[in-house]
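Worksheet: the structure to be examined is printed underneath.
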């Protein structure tokens, strides 16, 4: 049939072209670890990315080659995102908090050819160099005299930026992120130009990032964490101002947010705990802030409430590396303006609803062939599918999905009749007691509502009669002397009676994974020999 | 390279599936011409569209076949959008206001096989039936006893909706709209599933439609006008509530907006003129309204200012049938909150900036090889390209674009350094005087600011010395006795001295095209023998 619309590939380089052309002078601010500050803009980011493309070509790096970064959030890291994809390569953001064995596995498995790293991670890089077998070139973002590798600015400074982005198919890969699974080797998620673009454009809408030209975003979420939630891509599509901080210190973040009039923030719940403590101590406020995207793990109710009282819209999000990562956001509902404040907080405390593109369902935990109803009661294994959801892990020999493209998330969830997602646990962490399921996450969320509790983790302990019973492991806030009885009394009425933990143990610290989440695996190891008093 | 994201075609049926699944009970309200009202919801729209798909298959209609509508805005029309594309066909929305010759040409050129029409247009349909050579089946949306064709509800009511959407390639066509050019035959723009989807998703962002689940949209723009600005597609992606009115009477629209708590509206400027008159006469207000998309032709400054004073965000948009149609919108700028109200109105009075995806440039009116700078001064022919911009008209034997996919819009415009578009005229209507260009549109916009002027049109009249000189043709408001001198005094200082019209003529009515715009062609015909007094 004759007649057509234009040819236009969904390649992510369109994003930086648009940002530089239409928002060329919109700033990209970096606050470095040493307290210094640099300012660029979208035009400068694009020019530097083109230079990096030339520098990569000079090294023989091209289509499909993996270019890795080991770095915090800053403007040069942003340049690298577009430089790596601009040469037709695959950007591989490595989490510097991973353990050495994981770092070794990931870079070798990815077959990274170039690594660009922060000077702060130079000791790690030097230790790893003999173990990384494929990396040919090392570049340091912020070198000091003790570092032998070339500095990033010198490296790209030798180029003139007079070049073109590599072309290619829109289903070519553009980015690789590894998930640090709690069991087995890390697995790589290979994003495509097309999936990344659809995710980026969809993210602009009010229900997700709510970006327009006025937006000033300080992404606390690291650029190495789950594609930085797609923010470097979506931000370019809307021409927002970015404010990056290479350190996640609450004082630094608060200062930056105030000075740069930050309107949008994105980070995991623990970031806000630290921010609140700082703000309580200093009496500071964040008057410009109006949107906080919270994800990575469930946000406690008091956090959402506090932000909402300060006039901040909370986009409580659920997603994972395998979903690019935005799956759901706690967007305002149709009846929002008719709800009380408490009802509004109730809605935001759940994980929200899918945006267009994403589909969810839950299946029975015991028999995945049984699809559960969206009844607000049935709890099951959460599955997802859509254009920015994984089909196959990098180098895997089979799809990660079933025949209908459903991907099992490893989360346990309830779906409400209107599609609202309520995460209740991880499949691995849910506690089976007397043939029923107890959500470790709900127990933890209830416990952290107690003013004396800094952090809480619930795990199942083997029990001869009930199969498993929950215990609660708690880190008290400094100076607090709350007892197990205090916590138990506080929990009563907040969770079902039979969910109340059989024991409450106080510890100095709870183990975390490389991505900052509670490591239930390590905690279970720690309490392997634990015996409940009535189960001796 | 092993590893991949999921397969997911950009087919528009995903939109209605999403809306029905996630916003199934969100209403679609229709106020019919006879004053009656029907209410459906996204779930019902989808079910009816599936039934229509079955009914079409029963007629042998399938992939690529054109299914035409001749109808105002209502829920059954919305069903037909999804039903026609759902069977793999091409929805062809015909403008019932076209003249008979155009109606004949368009349906025959499109080779429409089915036509679904409003009873109000039955006389036109009966008159045209002998001239339409390809239409095999006629269905009436709202039949009365005098109509022999089957009624829409009876037609789809015979089906059970137990079927699937047709599959196909995402670059298959899904919709056909003809432009009623002022010269030559109408030309068909054939939208693809993919272009339509990218346009629909992009439209959700704050800078364009600003849609979320709370949005209640009354689209005054007809469903037969430039793909109804893509609203039936974007609205489904966000699960908004739709309120349709089959008549465009100001009282009816005001009543509906108040009663259904309409938050979003979209229409041409003349709609707001009528609304203002009604609101002034009755003292009514629209307290729920917060977003007004105005396009089709330039919105006068006083209109923007009045809406903004009422707390409504004005998305002053530019686009055309060939651009799906959203090209630019007058979104808030980065410095918005630091501007005075008057400065904000100044920005909204221009046509705004492109969204991600669209690119603009201007070229010299005399020599299109010369690309003009974005300097806020140079005025030239506006060109556009992007994923939802036309490549080739339906059945044309060559592309409508140049080798770099630039499409010439026929508009004359200035681009500002920040990319803001300022339309100054149509290429055909610009008035050449003494080797310089006078914008007929700016003259008209200045003139309609006078309280006595209901409508104004400027055209060039041949002049022996200056090539052309402008005259202004004015329709006075009822009861007004303003003179040419009054108008001229009002214009002085608002436009350049040498732009002041050589004559001002008062008429009872100004001719319009089938899409409601001023027909400069007819006006020029009317004034063909006009002689300027100093040019006799």
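Residue numbers (our numbering), protein chains in the order written: chain A, 1 to 536; chain B, 537 to 1072. Note that CB positions come from ideal geometry on N, CA and C, so glycine has one too.
Whole-angstrom distance between residue j and residue i, CA atom to CA atom
i                       : j                       : result
residue 1050 of chain B : residue 636 of chain B  : 11 Å
residue 310 of chain A  : residue 333 of chain A  : 20 Å
residue 354 of chain A  : residue 594 of chain B  : 36 Å
residue 696 of chain B  : residue 321 of chain A  : 41 Å
residue 136 of chain A  : residue 578 of chain B  : 56 Å
residue 74 of chain A   : residue 133 of chain A  : 27 Å
residue 169 of chain A  : residue 389 of chain A  : 19 Å
residue 365 of chain A  : residue 315 of chain A  : 28 Å
residue 467 of chain A  : residue 437 of chain A  : 11 Å
residue 879 of chain B  : residue 840 of chain B  : 12 Å
residue 906 of chain B  : residue 932 of chain B  : 27 Å
residue 89 of chain A   : residue 1033 of chain B : 58 Å
residue 106 of chain A  : residue 442 of chain A  : 33 Å
residue 541 of chain B  : residue 357 of chain A  : 13 Å
residue 414 of chain A  : residue 360 of chain A  : 11 Å
residue 1030 of chain B : residue 600 of chain B  : 52 Å
residue 970 of chain B  : residue 629 of chain B  : 43 Å
Cut-off 7 Å between Cβ atoms - residues of its own chain near residue i, not counting five sequence neighbours on either side
i                      : result
residue 911 of chain B : 953
residue 983 of chain B : 989, 992, 1008, 1010, 1023 and 1027
residue 811 of chain B : 786, 789 and 790
residue 770 of chain B : 736, 739, 740, 745 and 747
residue 727 of chain B : 709, 710, 711, 763 and 860
residue 836 of chain B : 805, 981, 984 and 985
residue 644 of chain B : 668, 669 and 670
Span of the beta strand (DSSP E), counted from its first residue to its last, around residue i
i                      : result
residue 242 of chain A : 241–245
residue 673 of chain B : 673–676
residue 755 of chain B : 752–755
residue 943 of chain B : 943–951
Nonlocal neighbours in the same chain, by C-beta distance under 6 Å from residue i, ignoring five residues either side
i                      : result
residue 284 of chain A : 254
residue 956 of chain B : 886 and 889
residue 270 of chain A : none
residue 708 of chain B : 729
residue 30 of chain A  : 38, 74, 75 and 244
residue 54 of chain A  : 159 and 163
residue 616 of chain B : 605 and 652
residue 714 of chain B : 642, 722 and 724
Supposed close pair residue i, residue j - CB separation, criterion 8 Å
i                      : j                      : result
residue 230 of chain A : residue 326 of chain A : 7 Å
residue 382 of chain A : residue 412 of chain A : 7 Å
residue 963 of chain B : residue 946 of chain B : 5 Å
residue 928 of chain B : residue 941 of chain B : Not a contact, Cβ separation roughly 11 Å.
residue 84 of chain A  : residue 78 of chain A  : About 11 Å separates the two Cβ atoms, so there is no contact after all.
residue 247 of chain A : residue 33 of chain A  : 5 Å
residue 451 of chain A : residue 742 of chain B : Their Cβ separation, rounded to whole angstroms, is 38 Å, which puts residue 451 of chain A and residue 742 of chain B out of contact at 8 Å.
residue 154 of chain A : residue 138 of chain A : With a Cβ gap of about 13 Å, residue 154 of chain A and residue 138 of chain A do not count as contacting.
Same chain only: Cβ atoms within 8 Å of residue i, ignoring 5 sequence neighbours per side
i                       : result
residue 824 of chain B  : 752, 793, 794, 797, 798 and 799
residue 1047 of chain B : 1054, 1055, 1058, 1059 and 1062
residue 180 of chain A  : 95, 98, 102, 186, 513, 514 and 515
residue 26 of chain A   : 19, 41, 42, 213, 239, 240 and 241
residue 655 of chain B  : 676, 677, 678, 679, 680 and 683
Residue i: CB within 6 Å of a non-hydrogen atom of the ligand MG
i                      : result
residue 250 of chain A : Among the components modelled here there is no ligand, and therefore nothing to report on the ligand MG.
For residue i, the first and last residue of its enclosing alpha helix (DSSP H)
i                       : result
residue 27 of chain A   : Note, residue 27 of chain A: premise wrong, no alpha helix (DSSP H); beta strand (DSSP E) at 27–31.
residue 1074 of chain B : Limits of chain B in this structure are 537 at one end and 1072 at the other, which puts residue 1074 of chain B out of reach.
Original post:
What runs of the alpha helix (DSSP H), each 4 residues or longer, lie entirely inside the region 1009–1060 of chain B?
Top reply: The region 1009–1060 of chain B contains these whole alpha helix (DSSP H) runs: 1020–1027.
Original post:
Relative to chain E, which residues along the region 324–351 of chain A have a C-beta separation below 9 Å, given in chain order?
Top reply: Looking for chain E here will not work: the only protein chains present are A and B.
Subject >> Segments of 4+ residues assigned as alpha helix (DSSP H) that fall wholly inside the region 970–1005 of chain B >> reply: With a minimum length of 4 residues, the continuous alpha helix (DSSP H) runs that stay inside the region 970–1005 of chain B are 976–984.
Original post:
Curious, which full-length alpha helix (DSSP H) runs of at least 4 residues does the region 88–124 of chain A contain?
Top reply: Complete alpha helix (DSSP H) runs here, min 4: 100–110.
Original post:
What are the uninterrupted segments assigned as beta strand (DSSP E) that are 3 or more residues long and contained completely in the region 903–936 of chain B, given in chain order?
Top reply: Runs found: 915–921 and 926–928.
Original post:
Counting only runs that start and end within the region 274–335 of chain A, where is the beta strand (DSSP E) found for 3 or more residues in a row?
Top reply: The region 274–335 of chain A contains these whole beta strand (DSSP E) runs: 291–294, 313–319 and 326–329.
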